[in-house]
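J.: Structure in structure tokens, see below.
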Amino acid sequence: MELSNLGKFPINGSPREIADYLECFDAWCISKNVRDDKIPAHFVTAIGLDAYSLVKNLAFPDKPISMPYAKLRELLIDHFHVTTFETRERAHFNKLVRSPNQKIRDFILQLQIQASKCNFGDQLHTQLRDRLIAGINIPKLEKELIQIPSCTFQTAKEVCITYEDVNNEYSAPTTSVSDVMLSKVENTSVHGKKSKLPSTGNRMQPEIKNIKPCLSCGKLHLRSTCRFRSAKCYKCGKVGHIKTVCRSSSTYVAQHSYNSPKLSSKMESMCLSTFQNTQANPTKTSTASSATQVSTVFKNEVAKLQCELSKARKDLNEMREQLNKIEELLHMHRLRLVNPEHTSSCESPAKLFISRILKKHLMSTTSNVHYYKDNNYRPSVGIILQKMGNRVVKILDIKDHSVYNGHLDKVTINEIIQK
Numbered sequence: 001m002e003l004s005n006l007g008k009f010p011i012n013g014s015p016r017e018i019a020d021y022l023e024c025f026d027a028w029c030i031s032k033n034v035r036d037d038k039i040p041a042h043f044v045t046a047i048g049l050d051a052y053s054l055v056k057n058l059a060f061p062d063k064p065i066s067m068p069y070a071k072l073r074e075l076l077i078d079h080f081h082v083t084t085f086e087t088r089e090r091a092h093f094n095k096l097v098r099s100p101n102q103k104i105r106d107f108i109l110q111l112q113i114q115a116s117k118c119n120f121g122d123q124l125h126t127q128l129r130d131r132l133i134a135g136i137n138i139p140k141l142e143k144e145l146i147q148i149p150s151c152t153f154q155t156a157k158e159v160c161i162t163y164e165d166v167n168n169e170y171s172a173p174t175t176s177v178s179d180v181m182l183s184k185v186e187n188t189s190v191h192g193k194k195s196k197l198p199s200t201g202n203r204m205q206p207e208i209k210n211i212k213p214c215l216s217c218g219k220l221h222l223r224s225t226c227r228f229r230s231a232k233c234y235k236c237g238k239v240g241h242i243k244t245v246c247r248s249s250s251t252y253v254a255q256h257s258y259n260s261p262k263l264s265s266k267m268e269s270m271c272l273s274t275f276q277n278t279q280a281n282p283t284k285t286s287t288a289s290s291a292t293q294v295s296t297v298f299k300n301e302v303a304k305l306q307c308e309l310s311k312a313r314k315d316l317n318e319m320r321e322q323l324n325k326i327e328e329l330l331h332m333h334r335l336r337l338v339n340p341e342h343t344s345s346c347e348s349p350a351k352l353f354i355s356r357i358l359k360k361h362l363m364s365t366t367s368n369v370h371y372y373k374d375n376n377y378r379p380s381v382g383i384i385l386q387k388m389g390n391r392v393v394k395i396l397d398i399k400d401h402s403v404y405n406g407h408l409d410k411v412t413i414n415e416i417i418q419k
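Below you can see the structure in the form of structure tokens.
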């Protein structure tokens with residue numbers, strides 16, 4: 001590396017840029033085997049005129065060429081050094097969270113840059129690991145990282161990078177089996193021309209069987225060309241596949257047990273039978289007929305779902321009617337418990353009303369009392385003492401001698417019995 005390749009000294013740069021330039025110059029001196037007494041001359045030559053004027057002012061009254069390189073280096077670092085508050089930098093580090101569109105590699109680099117300002121010491125890798133797990137902002141990946149026993153920063157970093165690579169691979173457009181079958185059907189008959197494919201339907205079976213997911217990553221391609229063939233699985237520890245397709249995990253079993261719904265299987269079998277019929281009678285089949293059959297399958301499935309939905313709504317309405325009847329019976333039972341003397345009443349709760357039996361003096365008679373639901377007033381016999389206002393009277397209860405105000409619309413006044 002030539003001295004000119006170092007570039008111009010960043011005299012207006014940040015302290016980190018100054019430190020990076022000095023480290024590059026140190027590496028250049030080591031690669032060229034420059035003697036210690038020659039390093040100051042090379043240094044003042046490399047930094048340029050503006051930076052040399054700064055070094056000269058910092059070294060005054062000594063001349064930079066006569067000073068050792070270590071002293072010149074120290075002068076520059078002290079001059080550009082900015083006082084950092086460790087608490088503030090650590091607080092900023094603990095607030096770092098990956099944005100949804102930020103790459104995982106960029107987020108890890110951001111964590112390492114900020115950690116260099118925090119002076120973590122021996123706890124550097126521990127802090128990096130914890131912040132990476134807490135700030136990765138992907139719940140599924142965060143759960144996998146937490147489940148790794150004795151997880152280190154290097155292990156968490158590799159898992160995150162592998163997860164990002166796998167997602168990038170799976171996000172690429174892939175061709176399903178049904179699409180392949182439909183494309184084959186379209187190629188067999190175009191404008192009534194006969195297909196050049198053999199008429200036997202057995203030729204298509206080996207091609208369908210060859211379309212299988214890769215055992216190393218799960219994508220539809222040859223395993224010999226997969227870049228995860230030499231990867232190490234974090235689930236079982238074996239080499240040759242990644243965790244998402246590990247046969248020892250429950251995720252693999254669930255995905256491979258339920259990834260083929262009834263609708264997809266029906267459509268694929270229908271496409272296969274259509275293709276076989278096309279090979280047997282290429283002049284009688286067209287792409288329009290196959291598309292019609294596919295739409296018919298979907299219409300039948302939608303009709304079945306609508307029928308099940310209407311049946312469920314009918315059952316729900318019947319259940320609501322039964323609950324209303326049960327609630328009405330409970331109210332009647334509660335009324336009879338509150339007023340056990342009138343259990344022979346067959347009136348509905350809606351016809352019952354709050355009532356009290358009053359008499360103008362002690363020679364009055366009593367009558368039955370009906371109660372509204374949730375009314376805890378007990379039967380009572382009272383005397384009207386005086387009129388308090390518009391249809392409001394003061395009542396003296398005979399049994400407990402309590403006095404209360406009552407409205408005439410809510411009481412029943414019996415006739416006076418003459419002696």
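In UniProt numbering, the protein residues as written are 1 to 419. C-beta atoms are modelled at their ideal positions from N, C-alpha and C, and glycine is treated no differently. Small disclaimer: the values here were computed from a predicted structure and weren't measured.
1) Would you check if the segment 112-127 and the segment 52-67 touch, i.e. whether three or more CB-CB distances between them fall below 8 Å?
2) Can you give me the C-alpha to C-alpha distance between Val34 and Lys8, rounded to a whole angstrom?
3) Could you check where the alpha helix (DSSP H) with Gly135 kicks off and where it finishes?
4) Look up His407 in the DSSP assignment and give the residues it is bridged to.
5) Specify the secondary structure class of Val34 as computed by DSSP and reduced to three states.
6) Can you list, in chain order, the residues of its chain with a C-beta nearer than 6 Å to that of Asn119? Leave out the 5 residues immediately preceding and following it.
7) For Lys209 and Arg227, what's the separation of their Cα atoms in angstroms?
8) Rounded to whole angstroms, how far is the Cβ of Ile395 from the Cβ of Leu385, which I believe are closer than 8 Å?
9) Please tell me whether His79 and Leu58 are closer than 7 Å, where the distance is taken between their beta carbons.
10) Which partner residues of Asp397 appear in the DSSP bridge assignment?
11) Between Arg98 and Ile136, is the Cβ-Cβ spacing less than 7 Å?
12) Look at the alpha carbon of Asn94 and the alpha carbon of Asp106, and state the distance between them as a whole number of angstroms.
13) With a Cβ-Cβ cutoff of 7 Å, do Ala70 and Leu6 count as a contact?
14) Please identify the residue among Gln123, Ala91, Leu128, Tyr163 whose C-alpha is closest to the C-alpha of Ile104.
15) For a test of the three-state rule: what should DSSP assign to Lys232, helix, strand or coil?
16) Let me make sure I understand the geometry here. Which of Val44, Leu309, Glu328 has the alpha-carbon closest to that of Ile65?
17) Taking its Cβ as the centre, do 16 or more other Cβ atoms sit within 10 Å of Ile18, making it buried, or is it exposed?
18) Taking just the CA atoms, how far does Asp130 sit from residue 420?
19) Taking only three categories from DSSP, how would you classify Lys387?
20) Near Ile39, what residues of its chain come up, given a Cβ to Cβ distance below 6 Å and the 5 sequence neighbours on each side ignored?
21) Please report the straight-line C-alpha distance between Arg90 and Lys212, rounded to a whole angstrom.
22) In the DSSP assignment, what residue or residues form a beta bridge with Val239?
23) Between Lys140 and Ile108, which are expected to be in contact by the criterion C-beta below 8 Å, what is the C-beta distance as a whole number of angstroms?
24) Please report the straight-line C-alpha distance between Asp400 and Val393, rounded to a whole angstrom.
25) With a Cβ-Cβ cutoff of 7 Å, do Lys232 and Cys246 count as a contact?
26) Let's see if you can read the secondary structure: which residues bound the alpha helix (DSSP H) around Val55?
27) Assign Val159 to buried or exposed, taking buried as 16 or more other Cβ atoms, counted over all protein chains shown, within 10 Å of its Cβ.
28) So, helix, strand or coil for Val97, using DSSP?
29) Determine the closest residue to Asn12 out of Phe298, Glu23, His81, with distance taken between C-alpha atoms.
30) What are the start and end residues of the alpha helix (DSSP H) that includes Gln102?
31) In whole angstroms, give me the CA-to-CA distance for Thr292 and Lys299.
32) Terminal residues of the continuous alpha helix (DSSP H) containing Ile77?
33) So is His92 buried or exposed if we call it buried at 16+ other beta carbons inside 10 Å?
34) Helix, strand or coil for Leu329 per DSSP?
35) Can you tell me whether Glu144 is buried or exposed, with buried defined as 16 or more other CB within 10 angstroms of its CB?
T.: Reading off the structure:
1) no
2) 20 Å
3) 124-135
4) Val392
5) coil
6) Glu86
7) A caution first: Lys209 carries a pLDDT of 48, below 50, which makes its placement in the model unreliable, though a value can still be read off. Approximately 23 Å, taken between the alpha carbons.
8) 7 Å
9) yes
10) Gly382
11) yes
12) 17 Å
13) no
14) Tyr163
15) strand
16) Val44
17) buried
18) Coverage of the chain is limited to positions 1 through 419, which leaves residue 420 absent and any answer about it impossible.
19) strand
20) Cys29, Tyr69
21) 50 Å
22) Lys232
23) Lys140 to Ile108, Cβ: 18 Å. No contact.
24) 18 Å
25) no
26) 49-59
27) buried
28) coil
29) His81
30) Taken as a continuous stretch (DSSP letters only), Gln102 belongs to no alpha helix (DSSP H), as it is neither H nor E.
31) 10 Å
32) 69-80
33) exposed
34) helix
35) buried
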